[in-house]
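Letter 78 of the sequence shown, counting from 1, is numbered 120 in the working numbering, and no numbers are missing.
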Amino acid sequence: LPATRPYRASLPRAAWTALEHARFLDALHLFKRDWSRVSAHIGTKSPKQVRSHAQKYFLRAERTGVRDVVRGEPLEIPPPRKKARKTTTPAGTTTTTTPADDDDDDD
43 LPATRPYRAS
53 LPRAAWTALE
63 HARFLDALHL
73 FKRDWSRVSA
83 HIGTKSPKQV
93 RSHAQKYFLR
103 AERTGVRDVV
113 RGEPLEIPPP
123 RKKARKTTTP
133 AGTTTTTTPA
143 DDDDDDD
């Protein structure tokens, strides 16, 4: 059996402050699901921490009907970003189609 690697947290675990959560909401409105940009806007959380916080926040929002504090309307949860699609050509090579390549709306 291969030895397992010990658990190592990349950043120390800490609760989200009210200021961090307010920045998260602001960045979510500005950048949707671009977790790197949301993380940079917050300044104290990694993209992985932001993604985890968002997942929990979206589930709670759906369950409890959280409202947008600024507009007083139901919270608009941004849709998931399109994932890259891998395809194999007849020659056996793999190509990746990114969401930007996939948009046909500009025609």
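A virtual CB, placed ideally from N, CA and C, is assigned to each residue, including glycine.
Span of the beta strand (DSSP E) around residue i
i: K125; result: Segment: none, K125 is in no beta strand (DSSP E) and carries neither H nor E.
Among the options, nearest to residue i - alpha-carbon criterion
i: R92; options: T46, R105, D68, K124; result: Per the sequence presented here, residue 92 reads as Val, with Arg not at that position. Minimum Cα distance to V92 is reached at D68.
i: T59; options: I84, T137, T46, A133; result: I84
i: S94; options: R55, T106, K124; result: R55
Same chain, Cβ closer than 8 Å to residue i, neighbours up to 5 away in sequence not counted
i: P89; result: W77, S78, V80, S81
i: P120; result: L70, K74, R75
i: R102; result: V108
i: T131; result: T137
Segment limits, alpha helix (DSSP H) that includes residue i
i: V80; result: 77–84
Contact under 8 Å by Cβ, residue i with residue j
i: E62; j: K98; result: no
Contact set for residue i: own chain, Cβ-Cβ below 7 Å, skip 5 residues either direction
i: F15; result: Limits of the chain in this structure are 43 at one end and 149 at the other, which puts residue 15 out of reach.
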